[in-house]
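Residue numbers (this note's numbering): 3 to 481. Below is one structure, written out as structure tokens; comments come after it.
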Amino acid sequence: MKILFVVSEVEDLAKTGGLADVAKALPIALKKMGHDVRIVKPLYKSVAEKHTLNTIVDNAHIDAHDKRYTFAIKTLSLQDVPVYCVDYPDYFYRDGLYSDGYHAYGDNAERFAFFSAAAMHVARHIDFAPDIVHCNDWHTALTPYFMQQDTSGFFQHTRSVLTIHNGAFQGNYPLRDIPFLQPHLHLHSHSESGYLNFLKIGIRYATKINAVSPNYAHELLTPLGSHNLYNDFQARKQDISGILNGCDYRQWDPTNDTYLPAHYTPENLDGKRMCKQTLQAQVGLPQKSDVPLLGMVCRLTEQKGFGYLLPILNNLLQHNVQLLIVGTGDPSISDALAAHAEQHPDKFKFKEDFSPAIAHLLEAGCDFFLMPSLFEPCGLNQMYSLAYGTLPIVRAVGGLKDTVIDLQERPDEATGFVFEHPDSSAFLNCLRRALLFYYEAPEQLQAMRIRAMKTRFTWESSALDYQTLYENCLTHVPI
């Protein structure tokens with residue numbers, strides 16, 4: 003199949019989160035299966051400065067709202083996958099992708115409305131009539147709309163997929179602040195109180211809607227998990243599915259991870275003990291091999307479960323345990339974590355920082371990894387933790403429920419510890435279950451580590467599921 007992958011960020015080029023990981027790994031996996039995959043993304047300042055690109059077109063243009071938007075199309079290759087970049091400096095030559103580091107850019111709606119339309123122009127300029135246009139999150143959710151508005155016949159046989167990586171971010175903006183969309187009167191009819199929700203438009207016009215895990219797809223169809231889009235998802239429930247993200251085990255492999263002081267395998271875990279000692283020394287925790295070390299690395303946001311983690315920190319730290327949390331984000335959360343760390347200097351360390359080096363060492367050196375998320379569309383850190391024999395302690399939500407098997411539910415297949423209710427008491431009870439297991443069942447703990455390390459969620463498997471989704475798209479009657 004001919005697949006046009008439209009996305010706002012791609013790992014190795016420009017990245018702020020897990021969306022970029024998918025945008026690199028999935029096209030590469032599809033390419034290896036024999037599909038003709040092309041990526042379209044904005045040309046950000048950082049990409050232009052670091053990479054050599056070839057210019058395909060230097061004067062492409064779109065006329066809208068009494069203005070001509072003239073842009074260039076430049077290209078480079080990402081592991082044999084062609085990447086076409088929309089070069090419009092006024093919108094994309096900035097220090098950040100979506101913000102200045104503190105505040106979102108005020109014209110983000112205009113920027114990504116333009117980009118969604120420009121992606122369709124890229125396809126025409128390179129004479130690539132795709133079978134599938136695969137767009138991602140609100141930034142490119144208008145693409146199916148622009149595709150259907152095309153009157154040239156170029157996209158007559160094209161179908162579209164919208165993948166929702168995080169439905170909490172929807173691109174809800176005043177329509178008056180989006181000059182590019184003023185001529186599109188049909189979109190005006192979809193606005194509510196003068197606001198246009200980009201994700202809603204994508205849900206309405208995409209041939210198929212996909213979430214990044216089966217359980218997250220189920221949650222989107224519920225009042226509680228739909229991010230206030232319940233009616234919109236229900237109207238398309240026959241076209242909604244979930245495909246679990248894969249894990250890039252080339253980057254996350256304890257047998258050859260260059261960030262680790264020692265390597266280890268399921269057959270020989272000695273290196274994991276050295277990683278624990280190194281991590282403890284690096285952050286200033288006592289080097290005790292017989293004390294369970296719990297770790298957490300994430301953005302400091304309410305989504306990650308801090309609302310019910312913070313109230314039980316003192317209770318948790320009454321136990322013979324060590325805790326390390328690494329991340330940046332909400333100042334109120336970081337301040338609260340720092341205050342707790344000062345009260346328990348020999349048990350709890352908080353690092354308001356992030357780097358790949360500390361993330362990899364934490365995954366290898368900890369005994370347990372915490373992901374008590376309020377919601378988690380897919381999650382990758384629990385997959386990394388499993389690969390490193392660091393048992394996840396997670397809430398049964400989104401992709402966490404799809405990837406971690408609880409000890410009480412299926413003891414012979416268990417790979418971690420899972421709790422249901424989003425409250426402090428349920429989380430604390432789960433933590434205590436894990437600590438009790440650590441101290442009272444060391445042989446079973448070792449067996450669980452080995453089982454976890456042998457668990458695999460590959461992009462090859464995910465790509466096969468996407469191939470099936472694309473095939474279903476092509477037999478779908480257009481909306």
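Cβ coordinates follow ideal geometry from the N, Cα and C atoms, glycine included.
Nearest to residue i (by Cα), restricted to the options the options
i: His229; options: Gly169, Ala264, Pro268; result: Gly169
i: Arg252; options: Lys17, His127, Pro379, His362; result: His362
i: Ala338; options: Thr303, Asp259, Val59; result: Thr303
i: Gln320; options: His188, Arg161, Ala398, Phe350; result: Phe350
i: Val124; options: Tyr86, Asp68, Asp109; result: Tyr86
i: Cys432; options: Met373, Met455, Leu187, Gly381; result: Met373
i: Met3; options: Val39, Asp14, Gly19; result: Val39
i: Gln172; options: Lys202, Met450, Glu194, Pro181; result: Lys202
i: Trp140; options: Gln469, Asp89, Pro333, Tyr100; result: Tyr100
i: Leu376; options: Thr330, Gly108, Phe157, Arg301; result: Arg301
i: Ser48; options: Pro268, Glu11, Cys137; result: Glu11
Residue i - DSSP class collapsed to helix/strand/coil
i: Cys137; result: strand
i: Tyr218; result: helix
i: Leu185; result: Sequence check: residue 185 is Pro here, not Leu. Here Pro185 sits in coil by DSSP.
i: Tyr175; result: strand
i: Gly169; result: coil
i: Thr457; result: coil
i: Tyr104; result: coil
i: Gly309; result: helix
i: Tyr386; result: helix
i: Leu325; result: strand
i: Phe370; result: strand
i: Ile360; result: helix
i: Pro394; result: strand
i: Arg412; result: coil
i: Ala283; result: helix
i: Pro16; result: The amino acid at residue 16 is misidentified as Pro; the sequence shows Ala. Strand at Ala16.
i: Val293; result: coil
i: Val399; result: coil
i: Val406; result: coil
i: Arg435; result: helix
i: Arg161; result: strand
i: Phe156; result: coil
i: Phe377; result: coil
Opposing strand residues paired with residue i [DSSP bridges]
i: Met35; result: Looking at the DSSP assignment, Met35 forms no beta bridge with any residue, so it has no partner.
i: Ala213; result: Ile166, Gly244
i: Tyr86; result: Val42, Thr77
i: Ile5; result: Val39, Ile134
i: Asn199; result: Asn174
i: Gly331; result: Leu302
i: Lys26; result: Answer is none; Lys26 lacks a bridge partner.
i: Glu194; result: Tyr197
Close-in-space but distant-in-sequence residues of the same chain around residue i (CB under 7 Å, 5 per side omitted)
i: Ile314; result: Ser426, Phe429, Leu430
i: Glu378; result: Val399, Gly400, Gly401, Leu402
i: Tyr196; result: Here residue 196 is Gly; the residue named in the question, Tyr, does not match the sequence. Cβ neighbours of Gly196 beyond the five flanking positions: Pro176, Leu177, Arg178.
i: Ala343; result: Phe350, Lys351, Phe352
i: Trp254; result: Tyr386, Ala389
i: Asn322; result: Val293
Cβ neighbours of residue i in the same chain (closer than 6 Å, five flanking residues each side left out)
i: Ala359; result: Tyr261
i: Asp97; result: none
i: Gln184; result: His67
i: Tyr266; result: Pro256, Gly273, Lys274
i: Thr209; result: Arg161, Ser162, Cys475, His478
Spatial neighbours of residue i in its chain, beta-carbon cut-off 8 Å, leaving aside the 5 residues before and after
i: Gln282; result: Pro288, Gln289, Lys290, Leu295, Gln324, Gly367
i: Ile448; result: The sequence given here places Gln at residue 448; Ile does not occur at that position. So the qualifying residues of the chain are Leu271.
i: Glu415; result: Ile407, Arg453
Segments assigned beta strand (DSSP E), at least 3 residues, entirely inside the stretch 50 to 84: Taking only runs of at least 3 residues, the beta strand (DSSP E) segments lying wholly in the stretch 50 to 84 are 56 to 66, 69 to 80.
Unbroken beta strand (DSSP E) runs of length 3 or more, entirely within the stretch 235 to 273: which are they? Entirely contained in the stretch 235 to 273, the beta strand (DSSP E) runs reaching 3 residues are, in chain order, 242 to 244.
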